[in-house]
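Residue numbers (the working numbering), protein chains in the order written: chain U, 27 to 529; chain W, 27 to 529; chain H, 27 to 529; chain F, 27 to 529. C-beta atoms are modelled at their ideal positions from N, C-alpha and C, and glycine is treated no differently. Here the structure is a predicted model, which is why all the values come from computation and not from measurement. Read through the structure below, which is laid out as structure tokens, and then see the notes.
Number of protein chains: 4
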Amino acid sequence: MDSTKCFRIEKDAQIPFNNKVDYCIGTGRMGLALQKEYQEQLALVQEEIGFSHIRGHGLFSDDMAIYQEYTDENGKKHAEYNFTYLDLVMDSYLKLNIRPFLELGFMPDKMASGEQTVFYWKGNVTPPASYDAWCELVQATLRHLMERYGEEEVVTWPIEVWNEPNLPGFWKDADMEEYFKLFARTFAAIKEVDSRFRVGGPAICGVEDEKWIRMFMEFCRKESIPVDFVTRHHYTTELPEKDGHYGYAKLREPEEGFANLQTTRDIVDSFEEFKGMEIHITEFNTSYIPNCPLHDTNRNAAYIARQLSRLGDVNESYSYWTFGDIFEELGVPFTPFHGGFGLVANGGIPKPTFWTFKFFKDLQGTCVYRSDEAVIVKREDGSYRGIVWNMTLEGTGEDICRTYQLPIEGKECFILTKTVDEATCNPLKLWHAMGEPSSLSEEQKKLLKEAAKPFVEADRAAVQDGCAQVNITARENGVVYFEVKAVEDKSDRGYCYKRVIGK
Amino acid sequence: MDSTKCFRIEKDAQIPFNNKVDYCIGTGRMGLALQKEYQEQLALVQEEIGFSHIRGHGLFSDDMAIYQEYTDENGKKHAEYNFTYLDLVMDSYLKLNIRPFLELGFMPDKMASGEQTVFYWKGNVTPPASYDAWCELVQATLRHLMERYGEEEVVTWPIEVWNEPNLPGFWKDADMEEYFKLFARTFAAIKEVDSRFRVGGPAICGVEDEKWIRMFMEFCRKESIPVDFVTRHHYTTELPEKDGHYGYAKLREPEEGFANLQTTRDIVDSFEEFKGMEIHITEFNTSYIPNCPLHDTNRNAAYIARQLSRLGDVNESYSYWTFGDIFEELGVPFTPFHGGFGLVANGGIPKPTFWTFKFFKDLQGTCVYRSDEAVIVKREDGSYRGIVWNMTLEGTGEDICRTYQLPIEGKECFILTKTVDEATCNPLKLWHAMGEPSSLSEEQKKLLKEAAKPFVEADRAAVQDGCAQVNITARENGVVYFEVKAVEDKSDRGYCYKRVIGK
Amino acid sequence: MDSTKCFRIEKDAQIPFNNKVDYCIGTGRMGLALQKEYQEQLALVQEEIGFSHIRGHGLFSDDMAIYQEYTDENGKKHAEYNFTYLDLVMDSYLKLNIRPFLELGFMPDKMASGEQTVFYWKGNVTPPASYDAWCELVQATLRHLMERYGEEEVVTWPIEVWNEPNLPGFWKDADMEEYFKLFARTFAAIKEVDSRFRVGGPAICGVEDEKWIRMFMEFCRKESIPVDFVTRHHYTTELPEKDGHYGYAKLREPEEGFANLQTTRDIVDSFEEFKGMEIHITEFNTSYIPNCPLHDTNRNAAYIARQLSRLGDVNESYSYWTFGDIFEELGVPFTPFHGGFGLVANGGIPKPTFWTFKFFKDLQGTCVYRSDEAVIVKREDGSYRGIVWNMTLEGTGEDICRTYQLPIEGKECFILTKTVDEATCNPLKLWHAMGEPSSLSEEQKKLLKEAAKPFVEADRAAVQDGCAQVNITARENGVVYFEVKAVEDKSDRGYCYKRVIGK
Amino acid sequence: MDSTKCFRIEKDAQIPFNNKVDYCIGTGRMGLALQKEYQEQLALVQEEIGFSHIRGHGLFSDDMAIYQEYTDENGKKHAEYNFTYLDLVMDSYLKLNIRPFLELGFMPDKMASGEQTVFYWKGNVTPPASYDAWCELVQATLRHLMERYGEEEVVTWPIEVWNEPNLPGFWKDADMEEYFKLFARTFAAIKEVDSRFRVGGPAICGVEDEKWIRMFMEFCRKESIPVDFVTRHHYTTELPEKDGHYGYAKLREPEEGFANLQTTRDIVDSFEEFKGMEIHITEFNTSYIPNCPLHDTNRNAAYIARQLSRLGDVNESYSYWTFGDIFEELGVPFTPFHGGFGLVANGGIPKPTFWTFKFFKDLQGTCVYRSDEAVIVKREDGSYRGIVWNMTLEGTGEDICRTYQLPIEGKECFILTKTVDEATCNPLKLWHAMGEPSSLSEEQKKLLKEAAKPFVEADRAAVQDGCAQVNITARENGVVYFEVKAVEDKSDRGYCYKRVIGK
């Protein structure tokens, strides 16, 4: 690979790039949102990145305590709904300026038709014993939310029916027919509450996905269900190898995954009435297991940069699974760096991938350049922002050096870079150097946070031939963010920087 | 200069090193302590470094509003004291866990014998029209403080009489005899309130300092004044060259200053009854002007490291002038980086020298190595902390590379470094690159703060021959802090770091 | 006086009531806005009440340090502007969601034509030595603000030229002609920067006010100055009697003041081209001295309630002088309760009048009742809010008992009252009982704050004949706020309140 | 009943009163301590009251996730311990300056010998399948705590073995012999870790309590177990009547309960070697169900005042069950005021009983008066603090009026009262008036908090015959706190309060 290249950007360049990095983010089950540490991690994520929506499982699971029953004096059973915890969770989300992308599931134990559960925390994955009871629960919940938070607000919250019904672990027997029944009944129940609600499915992962998508669209066509959007998941590693508490997984070539997403797009578009319909990736990450140490690495950060540069191409949004590491699907993690899905490790430490999201969030503007290793946008004020990554599936040991020539007005420009790579922003390495402690002291947390910041550099340079010359070196698994803008010197009377630094 | 060297530390090494880095810090005049930005800067300093005492001018200046007069119905004038602002200031100090090193001065306008003032903020520098009135003011103030904050607490606050009376700008005609009178009267008045108070002087700077110190000690001997400590100042640049709002000053060889301090020590010790008496440097910095851009540089940080490694040798304490840049002696600064004395630039941005103090603060333990470029201490738990600096008066362009072999138990050690140099922690450069804006936006402040943190690196290494091998590279004007401790691997079941990073 | 009365409100009642309670609030001089305690008091005011604008003196006074001069190498003098403190102040205002109502004054010492000053803090009140220099200062300041805070934002900030030029203490010789010159020149200079700025005057107090208003309007007519609004002040006590640090002043009948304001309105309206022009009362309070203990009393709170119910009748806004007690016009206050203008006493303690403002702020809706002792509004949701006050110029000892019958839907209503009177919310009394300490401990401050809250009562009552029956008792100098709304019982299964309380 | 009485306190009065109000407080199960709302309620409690210890169930229950098992490659099962959540909980406790009173229980599901559970949250109440495994779990947990928080700290945390084994719901079959086995094994295991740990039991409630205490002491005697303290519970209502989600319970005469506690004391003291041994009431409240609306009332507050005045007589400490209403023993509460045990209602609203604790916390000093309706203490500075309550089992409608003559120095005294009764501090009534909403808006929470503060009054009075005359009126179910101290007038020059208020 020729590792040094130069690119000249044309003055009026305009490249397609659908940046929906901040539309949605995943979360551990809703009951965990009651936790203090969860909220602190989410607050950190919102402060630095700022997502619009949040999606996770467990709205109707028993720890949220919504569905209750009692028997009256005549021995008749009645449903009653408890929204105490739901209010706490939703209040906390809205206070952090994030809204739910509602996933309806799993089944309350008392309403379930069976006892099959998923996860350490035992989400019941069987169909409802009574679809009427289920629909009443859904309606009561939505009506409560509308009363508390306002109709205009709540009808904007997207709703997805269930999670990964194509897996027998998440939906009894992966029974497609039963899922379609659930979808149809739920869809109708929601629209009865307010037709403005937008409802989608089938929330599948990549197992028999083509078949499921096709059958789902056909079902909607047949039943004349005006589904509002389609949802699916997107993971990009091979099967993990297990060792003790951990799983080790190899990354797949990104193009394989992009091709798979294109297929979904094509299937949906092949239905005339659904052509161009929104597809939301309601979960994506590299590995699909919450104990894959890869998630904590710089390699993950660079790989995800590539994903974020492409996922908007055929999808409306894509929700990274998950914002933080308060997560219990395989039990409570033993250590802070345990390979959880989160952007933030327990203890409030941003992982490298956190910054990939931050950088893409800051990448608003007109795209002027996009490749497999970089995206650059131009902003209204004439300045530029870009990201360069050096993604590797395994190690290469090579830096990539790029020069971008960006048309700019003025004589001088300000060039800022923020670098996240194994040398500059690698809390995992620090934690390893510390001896991999499972219990972090306050001092250790502070140190890890200090080591988990991008490395900032800035300089002023002359504009040459009407272009800023931006030289970026991205080391292996590095992600480099840059800003370039014209700068005018406003030195105060008598101030001379060169004299100050004695050079 | 041979820039690569190796040093082997002996197991039981014990080197003299009197680290009083955190005893006292300077401040702009007391009235400024009412300001919000001042308090925020001080809070930052206290949170990261944590000084015990704070010393500055202006306790009795008119903006503190303590001394007031009124005329009764018979036309007789009376003094009255207003402690409203004093309480606000002292409350805020104590809340930040810092105590005043009280400097008594300047003269309230109404009590003054003349109209001569110093500074943009016009501190009156003439003797009192009535020494009785002055003594009553001092006593009333101390009694008020004792009532509000408790006797046991307040008697521990050191008291210094006036500031730099050896300069005619700070004390009318630099009248030595008049100062001695002020000292004697004030000393007696304070001891009358409570003999436990500790009182010192003559707070001189380096002009005719030998004469002043000698005469002061002789005066105390002659008048049998049991002075509690001696105070002086210490600045280490040549005369500045002025240009517009700024002054450019060259650094002097540190040894010149140390020799000067030794002379003071020798003079004091030459008086039998004062031999070994505490000498407090109640002000020190490189330049003595608050508009010397040098203060904001990495060069300053490295130079001050050398100072901090030596100033305790013949002095009890040394108070850097000042903690922050809310300061008005030459007027209100026009820009955030204007060469103020502070460890913190306006906007709450730590300067490189801030970290020199932080590093020395963390250097508690038994000194095992000290040179002109490094100090290393050993802690009770067997770990080490050290600082290496690459001080230059002007540029050299050379790195220094050092290896320290530190005796340690165990098989592996954890090595942490924090680097502050022109490449890694240089907010001044970023500000310059931005175009030297005088008004910082919130976004600019945030970015400057991000660029004003030490660069953290960590690794785990094998212990060789019972020694940790610590390799430190300090670039020009760089200050590198390190920690070394034995580490035991506590990898969780199945966790293999090498496999995680694919190496 | 018959102290018990009943009022029936008609269903479609609609009474004129121009509630501009939150448009503007006064402040001590701008330089004090740098202080921490000032900002804390303002934050409290904004959190509970929330004003839109803030107006005070001293923008151009020397402690703000804006106007500076230097002499170049050729000995020529130049102006330069320092916006460091202005930025700090404006940043802090906008962060608290309040904008300046800019008052242009006083004169920078270096620009002044004389040495006459006003106040302890010495605001220079002489005309500029050069009107050109003045106009450049005004323009530079506005342009800086526009650059920092955005044009669209800054042009909405009203601008008033000088303060009380009709008093010789505030404007040399109360020279009307000179003021008109200042006004005309300043008006033109501002409009040159941006014609959208709204500029008014003459900011007079009640001395020769008729003459000044008339002459000002005539001047504007004659010079064809399209003045944007007229400003004046409004104080309502007799001349104070002085004793020591304090002044004691008697309240005047409110109607006298209202008549005076009507006269101003009539004069302005008598000019065809200015008819209906906005009149802003840019200062009002009971007494016009900052050491009038009346300000701290419940009597003041009740009197101000009456004012707030009427001041909008012929004026666009009315700005209480001032929000807090960080204020130095007569020097630094000696004690927390010293009769300062503020809504908040030093130490962060709300005075009774604070709550009068809070109550009127909550009085948004359609006015359905207004009298000399009460105002009631109806809100869109059918609920009511009202305030009843028992104003006395001196003591009466009598309660007033009122019943309001308010048309409401439903069977039951929720009635809430908040009472501020001498028995329920009287921190002054508590402070007196404590021995009138000048230095408050943290514990004392906490206690005073606890005693400075309205007394809250609530009940549920049956709706009778379609009306809520609201019985209000207002004790002497009391202010009672109430809310009434229909309530539906939503008792949880098995919950019976009567059984709970055993009644 | 004669409701007006006068009491003269003798100068040197000294009455026994063992005030241990702040030693310990109860909590919902430990897993709930991860919640944000839980922590906020605890922070409120600690800020205002400040307890030293906290005790609750569920340390070893599965949601804390401590006990885990895995099977190795040879198919052998191993225990492993996960302290992630334990650290989070303990960190949060210590940050709030509270320490655990460790209760060892319930049984981890995987270690249990049976499937019987207690509560909605399903605590397993069966003995361990292996006592060795149990002892290892206990030891591993203590060793982890000692490593993280320091040995010296952790050995001061009292340890109690299990909870209410005398109830078959809490310990399978209430099997006494099995409990004694558990106690003996656990006791030995703990002392093996560190003999300084203090360990007690049998943590029984009032069912067959005499028998259990006697048998427990005999068991310890027989087995020569040097038990460190005895624990029991104390509830004082009749059996509740159930209706829907709630239970209504009548209060019992306090003396019945005190007699019961005396019996326990007598039994323990009847064992020579255990005579005078500490007895800790590790739970007490009025009703023992978490859905008894009585807990939210002023009646409860007055009743608890009586308890707090007596419980120290024969016990070392007494821990109110519980600090807050995040609690799930009967499921998640449907409404904020649901009769939970807590001092704080959900939403962060202090209940009346909260203030009873606050008042007793402030009652430090030498007791000079104690009766069934009041306690008064004298402090070192000569001031007094007292509490008067008007406890009723059912309504009486009568106020009690008391005068206390308290010897005091000086001419005037400051008298402060804080009143919590149905008229002044009754958030339950406000909530009822609002319509008993289950979902509180932020505005409603704010209002409820405003209505949940004691009513503060203060006055200054002349000292008569060397005594302060303190007149207290306590309305039905009211609790009145007072402070009395000598006061010296320090009026500022010219300040005359009488003139200020015009009286």
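Neighbour list for F:Phe360 in chain U, Cβ cutoff strictly below 7 Å: Asn108, Thr110
Bounding residues of the beta strand (DSSP E) (the contiguous stretch that carries H:Thr257): 255-261
Cut-off 7 Å between Cβ atoms - residues of its own chain near W:Asp339, not counting five sequence neighbours on either side: Shown here for W:Asp339: same chain residues with a beta carbon closer than 7 Å to its own, the five before and five after excluded, namely Asn44 in chain order.
H:Glu195 burial status per 10 Å Cβ neighbour count (16 or more: buried): Before going on, a small fix: residue 195 of chain H reads as Gly here, not Glu. The residue is exposed, with fewer than 16 neighbouring Cβ atoms inside 10 Å.
Beta-carbon spacing of W:Leu456, W:Glu483 below 9 Å: no
Proximity of W:Gly283 and W:Trp147 at Cβ, strictly below 9 Å: no
Residues of its chain near W:Lys516, where Cβ-Cβ distance is below 6 Å and the 5 sequence neighbours each way are ignored: none
CB contact flag (W:Asp254, W:Gly226, <9 Å): yes
Proximity of H:His271 and H:Asn341 at Cβ, strictly below 9 Å: no
Beta strand (DSSP E) runs wholly inside the region 260-308 of chain U, at least 3 long, in chain order: 267-269, 272-274
Inter-residue Cα distance where the pair is H:Gly504 and H:Val401: 14 Å
H:Trp188 - containing alpha helix (DSSP H), residue span: Looking at the DSSP string, H:Trp188 is not in any alpha helix (DSSP H), and its letter there is neither H nor E.
Validate contact between the region 405-416 of chain F and the region 58-73 of chain F using beta carbons, cut 8 Å, 3 pairs: no
Three-state secondary structure assigned by DSSP to U:Pro319: Secondary structure of U:Pro319 (DSSP, three-state): helix.
Nearest candidate by alpha-carbon position, reference F:Thr379, set F:Asp322, F:Ile426, F:Arg174, F:Thr262: If we check each option's Cα against that of F:Thr379, F:Asp322 comes out closest.
Distance between U:Cys451 and U:Ala477 (C-alpha atoms, nearest Å): 6 Å
H:Lys62 in three-state terms, based on DSSP: helix
Under the three-state DSSP convention, the category H:Phe132 falls into: coil
Where H:Ile51 falls: helix, strand or coil (DSSP): The three-state reading of DSSP puts H:Ile51 in strand, counting E and B together.
U:His458 burial status per 10 Å Cβ neighbour count (16 or more: buried): By the neighbour-count criterion, in which a residue is buried when 16 or more other Cβ atoms sit within 10 angstroms of its Cβ, U:His458 is buried.
Contacts around F:Asp88, its chain only, beta-carbon distance under 7 Å, and the 5 residues preceding and following it disregarded: Pro134, Asp135
Pairwise C-alpha distance: H:Ala328 and H:Met27: With a pLDDT of only 45 at H:Met27, under 50, the local geometry of the prediction cannot be trusted, and no value is derived from it.
Residue-chain proximity (U:Asp269, chain W), Cβ-Cβ < 9 Å: yes
Supposed contact pair H:Val164 and H:Phe538 - C-beta distance, whole angstroms, cut 8 Å: No statement about residue 538 of chain H is possible, as the shown extent of chain H runs from 27 to 529 and does not include it.
Cutoff 9 Å: W:Asn497 Cβ touching any chain H Cβ: no
At least three beta-carbon pairs within less than 8 Å, the region 145-159 of chain U to the region 111-118 of chain U: no
Backbone CA spacing between H:Val71 and W:Arg428 [nearest angstrom]: As the crow flies, the alpha-carbon of H:Val71 is around 59 Å from that of W:Arg428.
Segments assigned beta strand (DSSP E), at least 3 residues, entirely inside the region 222-258 of chain H: Here the runs fully enclosed are 225-230.
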